[in-house]
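Participant: Position one of the sequence shown corresponds to residue 33 (the numbering used here), numbered consecutively onward. Positions of the beta carbon are idealized from the N, C-alpha and C atoms, including for glycine. Only a predicted model underlies this, so the values are computations on that prediction, with no experimental measurement involved.
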Amino acid sequence: MKTQFISISKNEWLTDALKNNGYNMIPSNIILDKTLTGIGATHGELQAERNSIIIEPNVPVILGKTENESNYLAVYAKTTEAQVRAYLKRSDITYKKLITTPESFKKIRKVAIALNIDIYTDFFCLFDECEKITQDSDYRPAISQPIHDFFRFTNKAFVSATPLNPSHPEFTNQDFSKIKIQPDFDYKKDITLIFTNSFINQVSEALANLAESPCICIFFNKTDAINLLIEELKLTDYKIFCSEKSVKKLNERFVENATDTVELPLAKYNFFTCRFYSGLDIVLGNINPDVIILTNLATANYTAIDPFTDAVQIQGRFRSGFNSLTHITTINPQMKALSTKEIETKIAVFKENYETARANHSTETDTFRKQALLEDMNNLKYNDFLDENGEINHFAIDNYHNEERVKGYYQSMQNLITAYQGTLHFNLNVVNAIATVGQDDYMIISTAKGVKERMKMIVETLERIRIDCENGLLDDERRKEYIRPLKGYAEYQYIAPIFYKIGIKGIEKANYLKGEINKAVKQYDKEQAEKLRFSPEVLKAIEAELETGEYIAKEAIKVRLKNLYNAFHIDYKVTQDIIKDYFDTKVHGASYKLVRFNPKR
Numbered sequence: 033m034k035t036q037f038i039s040i041s042k043n044e045w046l047t048d049a050l051k052n053n054g055y056n057m058i059p060s061n062i063i064l065d066k067t068l069t070g071i072g073a074t075h076g077e078l079q080a081e082r083n084s085i086i087i088e089p090n091v092p093v094i095l096g097k098t099e100n101e102s103n104y105l106a107v108y109a110k111t112t113e114a115q116v117r118a119y120l121k122r123s124d125i126t127y128k129k130l131i132t133t134p135e136s137f138k139k140i141r142k143v144a145i146a147l148n149i150d151i152y153t154d155f156f157c158l159f160d161e162c163e164k165i166t167q168d169s170d171y172r173p174a175i176s177q178p179i180h181d182f183f184r185f186t187n188k189a190f191v192s193a194t195p196l197n198p199s200h201p202e203f204t205n206q207d208f209s210k211i212k213i214q215p216d217f218d219y220k221k222d223i224t225l226i227f228t229n230s231f232i233n234q235v236s237e238a239l240a241n242l243a244e245s246p247c248i249c250i251f252f253n254k255t256d257a258i259n260l261l262i263e264e265l266k267l268t269d270y271k272i273f274c275s276e277k278s279v280k281k282l283n284e285r286f287v288e289n290a291t292d293t294v295e296l297p298l299a300k301y302n303f304f305t306c307r308f309y310s311g312l313d314i315v316l317g318n319i320n321p322d323v324i325i326l327t328n329l330a331t332a333n334y335t336a337i338d339p340f341t342d343a344v345q346i347q348g349r350f351r352s353g354f355n356s357l358t359h360i361t362t363i364n365p366q367m368k369a370l371s372t373k374e375i376e377t378k379i380a381v382f383k384e385n386y387e388t389a390r391a392n393h394s395t396e397t398d399t400f401r402k403q404a405l406l407e408d409m410n411n412l413k414y415n416d417f418l419d420e421n422g423e424i425n426h427f428a429i430d431n432y433h434n435e436e437r438v439k440g441y442y443q444s445m446q447n448l449i450t451a452y453q454g455t456l457h458f459n460l461n462v463v464n465a466i467a468t469v470g471q472d473d474y475m476i477i478s479t480a481k482g483v484k485e486r487m488k489m490i491v492e493t494l495e496r497i498r499i500d501c502e503n504g505l506l507d508d509e510r511r512k513e514y515i516r517p518l519k520g521y522a523e524y525q526y527i528a529p530i531f532y533k534i535g536i537k538g539i540e541k542a543n544y545l546k547g548e549i550n551k552a553v554k555q556y557d558k559e560q561a562e563k564l565r566f567s568p569e570v571l572k573a574i575e576a577e578l579e580t581g582e583y584i585a586k587e588a589i590k591v592r593l594k595n596l597y598n599a600f601h602i603d604y605k606v607t608q609d610i611i612k613d614y615f616d617t618k619v620h621g622a623s624y625k626l627v628r629f630n631p632k633r
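1. Rounded to the nearest angstrom, what separates G353 and P339 at their Cα positions?
2. Jot down the residue ranges of each uninterrupted beta strand (DSSP E) in the segment 458 to 531, minimum 3 residues, whole runs only, in chain order.
3. Taking L357 as part of the beta strand (DSSP E), name the residues at either end of that continuous run.
4. Please classify M489: is it buried, with 16 or more other beta-carbons within 10 angstroms of its beta-carbon, or exposed?
5. Applying the criterion that 16 or more other CB atoms from any shown protein chain within 10 Å of the CB defines a buried residue, is H180 buried or exposed?
6. Measuring CB atoms only, is the segment 131 to 151 touching the segment 100 to 113, in the sense that at least three cross pairs come out at less than 8 Å?
7. For E579, collect the residues of the same chain with a Cβ closer than 8 Å to its Cβ; drop the 5 residues on either side in sequence, then sort them by chain order.
8. I'd like to know whether the C-beta atoms of I40 and I213 end up nearer to each other than 8 Å.
9. Rounded to whole angstroms, what is the Cα-Cα separation between Y498 and A622?
10. Would you kindly check if the distance between the Cβ of H426 and the Cβ of H200 is under 8 Å?
11. Mind reading off the beta-carbon distance from P92 to L312? Whole number of angstroms is fine, and I expect it under 8 Å.
12. Please confirm if the segment 121 to 128 is in contact with the segment 334 to 348, defined as three or more CB-CB distances below 8 Å between the two stretches.
13. Take every Cβ of the segment 277 to 287, pair it with every Cβ of the segment 249 to 265, and state whether three or more of those distances are shorter than 8 Å.
14. For S355 and Y301, I'd like the C-alpha separation in whole angstroms.
15. Buried or exposed for T335, please, with buried defined as at least 16 other CB atoms from any protein chain shown within 10 angstroms of its CB.
16. Taking only the alpha-carbon atoms, compute the straight-line gap between T617 and E548 and give it to the nearest angstrom.
17. Indicate whether N187 and S60 have their beta-carbon atoms separated by less than 8 Å.
18. Once DSSP output is grouped into helix, strand and coil, what is the label at I250?
19. Would you check if there are 3 or more beta carbon pairs closer than 8 Å linking the segment 221 to 231 to the segment 355 to 366?
20. Just how far apart, CA to CA, sit F137 and P178?
21. Between which two residues does the alpha helix (DSSP H) harbouring R122 extend?
22. Starting from the C-beta of N320, find all residues in its chain whose C-beta is less than 6 Å away, skip the five residues before and the five after it, and write them out in chain order.
23. Can you give me the C-alpha to C-alpha distance between Y219 and D65, rounded to a whole angstrom?
24. Could you give the DSSP three-state label for N550: helix, strand or coil?
25. For the pair the segment 491 to 507 and the segment 460 to 478, tell me if three or more CB-CB distances fall below 8 Å.
26. If I measure Cβ to Cβ from T35 and keep anything under 8 Å in the same chain, skipping five residues before and after, which residues do I get?
27. Let me know the secondary structure DSSP gives V438 once reduced to three states.
28. Leaving out five residues on either side along the sequence, give the residues of the same chain with a beta carbon under 7 Å from the beta carbon of C501.
29. Looking at the secondary structure, which residues open and close the beta strand (DSSP E) in which T132 lies?
30. Once you ignore the five residues that flank E387 on each side, which residues in its own chain have a CB closer than 8 Å to its CB?
31. Measuring CB atoms only, is the segment 161 to 170 touching the segment 110 to 124, in the sense that at least three cross pairs come out at less than 8 Å?
32. Should F217 go down as buried or exposed, given a rule of 16 or more other Cβ atoms within 10 Å for buried?
33. Would you mind sorting T377 into buried or exposed? The rule is 16 or more other CB atoms within 10 Å of its CB.
34. Out of E435, I477, L505, which has the shortest C-alpha to C-alpha gap to A467?
35. Quick check: the Cα distance between N431 and N410, rounded to an integer number of angstroms?
36. Since L196 and T341 are thought to touch, with beta carbons under 8 Å apart, how far apart are those beta carbons, to the nearest angstrom?
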């Protein structure tokens, strides 16, 4: 896709930058990468001298842009077809401006057909915050419903400060190009990135440091976790901004100060879920908030923030700026992130299974079997990548790739740091607050599913402690402090002594199976005993204990060797013939003559 670069100066509007390059309005068949939030793309389209349908991902954005504006129409779940009809029939408005959710676009289409209005030629279609069609398609498949209509418009554009490259073939077929806005000034924002494995403690500490702040805005994409955080930290002056469905759920738990629209004034602590990450203008007058972004992978993977999209959008919500920006996050080195090739392979397998099932269904003649095949086919994974018409949903596939890309950032500190640096939007201050063992580690151990999983986590924890002790990062007192909580688990009592014998590699080789572990321990003990019984100290004691040149009863030799082994804690079976491992001997009945001390190892 060809890209045109257009410069923009500080405090310059997007429309001015476009005009400087010969565009009176947003041109057609382009993906407009604004780079910056809040430079007036949607506002410019609302002022453009043409009819417009603007698709916004979320209702709060729509209400924010249509509030107190009778010349614009907000189209969402509560908007009726009668209201759309009345608006389209208004003769007092020169240029119609409809701002709609993706799910409600069909209301506009239906009414326009009834009124004999060709929206595809008479209107410009702008898909705003276009990355959301990819990001949200897994849990909100209807977000991509208007895409077939979008490509039918003569004049149309995707726009965002953080667009994701779409794979839909129509972008190529219709010769789309990209316009990339390039600021000619330093637009980077300072952000502190804190890595932790004691999530709640770290959040508590961050809030304590902001005790004097008049307004703290916290972005965390899970209402259950927000509720838990409020209870844990005993917050009282707070508001939660989330979906209407989540508001109802919170109200059922007697959490009353939750709403699906941004209401001013804000509270001391304000929590926002992902529907408020982009597009919305949060205007607080003279107050500059402190902004905290939270990611807790132990809570849910979807709390992960994409530095290239979410983080950029979040900092852009505050048009008058902010005092500070902080991202507190956990990481998960065990989290698997699929490569592009692995994703493509899996989808190919899903498709193959689906096509086989569909072929079997189409050729089956028995009614009962045909119904069973249909049910089975409808439950196959490949259905996740099909739209309501049974056609490939390219944005669902893009979503799969996108989720795995973001997962990869959270496999290590360095991965996430590199991602943030790659955005070119932030001056990064990194704080490593990850302890050898953190509050979250103990929580994960306590909630482990099954003995094997808990044992695995305990062993991995012991290994981290061992490494930090070996590297001089832990003293003995702190080591004991970390181990103390582990002693309450039966799995610790079993596995800890074994860990100190065969180490994590030995236990991993046994695949955390007790039978295999016990075999490994027995083999280890045997090998250690073998080493010990030929150690210099033991050899010296044996040579001193038994005289050469004399006949000694075999049984007496056995007893004396056994006593020596016990003295050196050697777990090894002693027989009458073991003396031959240490001495050259001659046999005489029930006695051995020890000729010469000559260890055979």
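Facilitator: In terms of the structure at hand:
1. 19 Å
2. 458 to 465
3. 356 to 361
4. buried
5. With fewer than 16 Cβ atoms within 10 Å of its Cβ, H180 is classed as exposed.
6. yes
7. L626
8. yes
9. Reading off the sequence shown, one finds Arg at residue 498, where the question assumed Tyr. If you take the alpha carbons of R498 and A622, they lie about 51 Å apart.
10. yes
11. 5 Å
12. no
13. Yes, the segment 277 to 287 is in contact with the segment 249 to 265.
14. Note on residue identity: the sequence assigns Asn, not Ser, to residue 355. About 15 Å.
15. buried
16. C-alpha separation (whole angstroms): 40 Å.
17. yes
18. strand
19. yes
20. 7 Å
21. Segment: none, R122 is in no alpha helix (DSSP H) and carries neither H nor E.
22. G353, F354, N355
23. 15 Å
24. helix
25. yes
26. S209, K210, I211, K212
27. helix
28. Cβ neighbours of C501 beyond the five flanking positions: R511.
29. Looking at the DSSP string, the run of the beta strand (DSSP E) that includes T132 is 129 to 132.
30. Residues of the same chain with their beta carbon placed closer than 8 Å to that of E387 are lacking, with the five preceding and five following residues left out of the count.
31. Counting C-beta pairs closer than 8 Å gives fewer than three between the segment 161 to 170 and the segment 110 to 124, which falls short of the contact rule.
32. exposed
33. exposed
34. L505
35. If you draw a straight line from the Cα of N431 to the Cα of N410, it is about 21 Å long.
36. 7 Å
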